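FYI, in the working numbering the residues of the sequence shown are 139 to 237.
In what follows, a single structure is set out as structure tokens and then discussed.
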Amino acid sequence: MELQNKIIEALKSVYDPELSINVVDLGLIYNVEISEGNDVTVTMTLTTPGCPLHNSITSGVRYCVEGIEEVRNVEVNLVWEPAWSPDKMTADGRRALGR
């Protein structure tokens with residue numbers, strides 16, 4: 139499996155504890171960059187800037203990507219632009235919310 143796909147699949151194990159939806163289906167992951175040396179930068183957001191669980195979620199993202207054997211280093215880049223909205227959710231995420 140391609141490393142990009144492994145990372146996306148691993149990220150599906152990280153859940154927003156308030157909504158019980160993984161960060162991928164919730165639409166929080168904006169980009170996954172992989173350098174030639176397999177350093178990974180995950181650019182992501184949260185549902186709200188004041189999210190009280192931001193450390194828990196970003197730590198979970200870092201931890202799950204670090205657990206992939208091919209990955210050397212992981213950086214989590216938390217951004218607020220573009221702002222998250224429910225439109226960013228996958229079809230699976232919307233179904234989980236009953237939409």
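Just so you know, even glycine gets a beta-carbon here, dropped at the ideal spot from N, CA and C.
Every value quoted in this text rests on a predicted model; they were computed, and no experiment measured them.
How about the segment 149 to 168 and the segment 191 to 206: do they share at least three Cβ pairs that are nearer than 8 Å? The segment 149 to 168, when compared against the segment 191 to 206, does touch it at the 8 Å Cβ threshold.
Which one of Met227, Ala221, Glu213 and Asp163 has the shortest CA to CA distance from Glu171? Minimum Cα distance to Glu171 is reached at Glu213.
Nonlocal neighbours in the same chain, by C-beta distance under 6 Å from Ile159, ignoring five residues either side: In the same chain as Ile159, and ignoring 5 residues on each side of it, the C-beta atoms closer than 6 Å to its own belong to Gly231 and Ala234, in chain order.
Does the beta-carbon of Val217 have 16 or more other beta-carbons within 10 angstroms, so that it is buried, or is it exposed? It counts as exposed.
Which residues in the same chain have their Cβ closer than 6 Å to the Cβ of Trp222, if we skip the five residues on either side of it in sequence? Only Thr183 and Thr185 meet the Cβ criterion.
Do Leu166 and Asp177 count as a contact pair if the criterion is CB distance below 9 Å? Between Asp177 and Leu166, the gap from beta carbon to beta carbon reaches 9 Å or more.
I need the DSSP call for Thr181, collapsed to helix, strand or coil. If DSSP states are grouped into helix, strand and coil, Thr181 belongs with the strands.
Between the C-alpha atoms of Val162 and Gly175, what's the straight-line distance to the nearest angstrom? So the alpha carbons of these two residues sit roughly 24 Å apart.
To the nearest angstrom, how far is the alpha carbon of Pro190 from that of Ile145? The alpha-carbon atoms of Pro190 and Ile145 are separated by roughly 25 Å.
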